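One structure is given below, encoded as structure tokens.
Numbering (my numbering), first residue to last: 37 to 304.
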């Protein structure tokens, strides 16, 4: 099994939309995991091998990124942090293409791997073609590119002791010193926010957010509270959803408590 696919939950939608950057190697296993998935491969090359693999595993072939937003559930860009010329722009473009509940799968070469440290100790470090990162670098980059929940799994590991380097004062949290490659899952939204966005249309959510903010900042508060109650009744927005939405949207705790109590009490 390709290690990155460990991030795909076993109950993930079988008819999901998946985009893979510059590789067909994931297609066989993805097709087995998600028999009805809509899959596509993004590559500037159209070699017979790539064309054959796409045909065999029913995957579309893209030369350029689509421009439509929110069309993929999963995007696999294995080498974006290692080789992409403008990796930050690419991460933003991927985020644009992901659905609210979607996620990016990628990996990176660990600059804290003891093999790299040993090379540095010997005065060698070759990185003209590849980028190396520490985990905190990757978290910052993904946060700046507006990704939310970020998870790591060890990829390639070295079965050697890091004791000498720990004696030098190097922290070895999560066996970082013996991990050559870290695998990454970066979600577009937190699980809570993604669940909120899945239940109602963008138009309803936008109207809900607009009313909540106007009430929060006391802009025609009574009028907008009444409009909120009417919206909740008309769209059958249940109390648990409204409570979660308010807590994710409203900044001031006192205002959030007032809105929840007022709306839930009067919606019946």
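Glycine included, each C-beta is placed from N, C-alpha and C at the ideal position.
Predicted model only: the values in this text are computed from it and were never measured.
- For residue 155, no beta strand (DSSP E) encloses it; the enclosing alpha helix (DSSP H) starts and ends at 150-157.
- For residue 135, there is no enclosing alpha helix (DSSP H); the residue is part of the beta strand (DSSP E) that begins and ends at 134-146.
- With contacts defined as CB atoms closer than 7 Å, residue 296 and residue 285 fail to qualify as a contacting pair.
- The three-state secondary structure of residue 167, taken from DSSP, is coil.
- Segment contact: the segment 61-77 against the segment 147-165, fewer than three CB-CB distances shorter than 8 Å; contact not assigned.
- The beta carbon of residue 54 sits closer than 8 Å to those of 66, 70, 73, 74, 75, 76, 108, 109, 110, 111, 112, all from its chain and outside the five residues before and after it, given in chain order.
- Residue 223 carries a strand assignment under DSSP once its states are collapsed to helix, strand and coil.
- Excluding sequence positions up to five before and after residue 247, its CB lies within less than 6 Å of the CB of 260, 263, 264, all in the same chain and listed in chain order.
- The continuous beta strand (DSSP E) containing residue 190 extends over residues 186-190.
- Sixteen is the threshold: since fewer than 16 other Cβ atoms of the shown chains lie within 10 Å of the Cβ of residue 269, the residue is exposed.
- The segment 117-137 makes contact with the segment 216-225; the number of CB pairs closer than 8 Å reaches 3 or more.
- Short of 6 Å from the beta carbon of residue 170, and not among the five residues preceding or following it, lie these beta carbons of its own chain, in chain order: 147, 148.
- Residue burial annotation: residue 209 is exposed, with fewer than 16 other C-beta atoms found within 10 angstroms of its C-beta.
- Here residue 215 is bridged, per DSSP, to 193.
- Each residue's CA atom was taken as its position, placing residue 165 and residue 143 some 16 Å apart.
- For residue 44, no beta strand (DSSP E) segment is defined, and its DSSP state is neither H nor E.
- For the pair of segments examined, the segment 44-58 was found to touch the segment 114-123: the number of CB pairs separated by less than 8 Å reaches three.
- If the five residues before and after residue 123 are omitted, its C-beta is found closer than 7 Å to the C-beta atoms of 116, 117, all from its own chain and listed in chain order.
- Under the three-state reduction of DSSP, residue 282 is assigned to helix.
- Out of 178, 87, 214, 172, the CA that lies nearest to the CA of residue 152 is found in 214.
- Residue range 257-270 is occupied by the alpha helix (DSSP H) that includes residue 264.
- Distance from the Cα of residue 237 is smallest, within the candidate group 251, 249, 271, for 271.
- In the assembly as shown, residue 253 is an exposed residue. Its beta-carbon has fewer than 16 other beta-carbons within 10 Å.
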